[in-house]
Amino acid sequence: MLPLSRQNEYRRRYAALTPGWQPSGEVYERLVRESLWPGARWLDLGGGRGGLVDLLHGNAALTAALDPDWPSLREHRVPALPRTCGLADALPFPAGCFDVVTASWLLEHLTAPEIVFAEVNRVLRSPDPRAGKPGGRFVFLTPNAGHPLIVANRVSQLAPRLQRRLVPRLYARSEADTFPVRYKANTPHQLLTLGRRAGFAVALRCIGDPTYTAFNDALFRVSALLERAIPAQRKIHIVGLAIKQ
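Residue numbers for the sequence shown follow my numbering, beginning at 351 and rising by one.
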């Protein structure tokens, strides 16, 4: 597996070749930053041991984490963070109690995404037109099931040894942190439909990244060329912003 430091170096090289391009993680981080303010109440879904909350939890009045895996929560890198062991399809919080909900690398694991979207909508604040306040925000980052590598990962579920090699490559996770993938909320059409039915206005951005197959300089050059042939709606990652209506 290519070390993350090496992959990030290829990302810098690709950014230099592609004006305006940013990795999906940076786009996601910017959206989350823009959604927070000192009085915000933020819920991070599926955060496990941590992630972006490590960096940004101080930007909100309250930051909480929910994950179904208690051993991961117990080892959270921000030990003072309120943590709850639970599932996103039955959020143990009252209606309207959060301003922002985030989820990175979570949607691909959902068995009933329509329930999760409805639950996220429920716990977000409602818009207040008289005060000029929009509804709460759901910001997410997830793989695009239409990308060739994700298709390969889906096929690899029939060959567990291949999947054990692909998943750490695609999601930068150890085998211990690898969970079953369903891909029921992982195309632009699925996400727009789920969001609309749950009561959100949804904006999506599909973002390419040729570094997942850049195992060396030659493959990086080939991957960068092939990236141009992938349709915009099939780029490897989807960053979404859903605003409660």
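Ideal placement from N, C-alpha and C gives every residue a C-beta, glycine not left out.
query                                                                                                                                                      : result
Can you tell me which of the three DSSP states L437 falls into?                                                                                            : coil
Suppose contacts are defined by Cβ-Cβ distances below 8 Å. Is A414 in contact with P432 by that definition?                                                : yes
Closest to A551 by C-alpha separation, out of R584, K594 and E384, would be which residue?                                                                 : K594
Contact defined as beta carbons within less than 8 Å: I believe A628 pairs with V473. What is the distance between those atoms, to the nearest angstrom?   : Residue 628 is absent from the model: the chain starts at 351 and stops at 595.
Would you check if the distance between the CB atom of A390 and the CB atom of D449 is smaller than 8 Å?                                                   : yes
Measuring CB to CB, does D419 end up less than 8 Å from G397?                                                                                              : no
Rounded to whole angstroms, what's the CA-CA distance from Q583 to G496? Just pull it up for me.                                                           : 8 Å
Smallest Cα separation from R380: which of L491, G558 and T461?                                                                                            : L491
Rounded to a whole number of angstroms, what is the C-alpha to C-alpha distance between L405 and V428?                                                     : 10 Å
When the Cα atoms are used, what is the spatial distance from V451 to P581?                                                                                : 29 Å
Report all residues from its chain with a CB closer than 6 Å to the CB of L412; omit the five preceding and five following residues, and keep chain order. : R391
Considering only residues of the same chain and omitting the five flanking positions on each side of A592, which have a CB-CB separation below 6 Å?        : F488, G545, F550 and V552
What is the DSSP secondary structure of I557, counted as helix, strand or coil?                                                                            : strand
Expressed to the nearest angstrom, what Euclidean distance is found between the alpha-carbon atoms of S355 and Y364?                                       : 14 Å
Using DSSP bridges, identify the partner residues of F490.                                                                                                 : A453 and G590
Got a sec? Which residues, its chain only, sit under 7 Å from A468 by beta carbon, not counting five neighbours each side?                                 : A548
Indicate, with yes or no, if the ligand FAD has a heavy atom lying under 7 Å from the CB of V589.                                                          : The model on display carries no ligand, and the ligand FAD is accordingly not part of it.
Check V501 in the structure and name its three-state DSSP category.                                                                                        : helix
Are H587 and S374 close, meaning C-beta to C-beta below 8 Å?                                                                                               : yes
On the DSSP letters alone, give me the boundaries of the alpha helix (DSSP H) that A481 sits inside.                                                       : Here A481 belongs to no alpha helix (DSSP H), and DSSP marks it neither H nor E.
Does the pairing of the segment 569-581 with the segment 530-537 give three or more beta-carbon distances under 8 Å?                                       : no
Along the chain, where does the alpha helix (DSSP H) containing A420 start, and where does it finish?                                                      : Residue identity differs from the one stated: residue 420 is Trp in this sequence, not Ala. Residues W420 to R424.
Just the C-alpha distance for L352 and P388, rounded to the nearest angstrom, thanks.                                                                      : 38 Å
Among R571, Y562, L395 and N358, which has the Cα closest to the Cα of D439?                                                                               : L395
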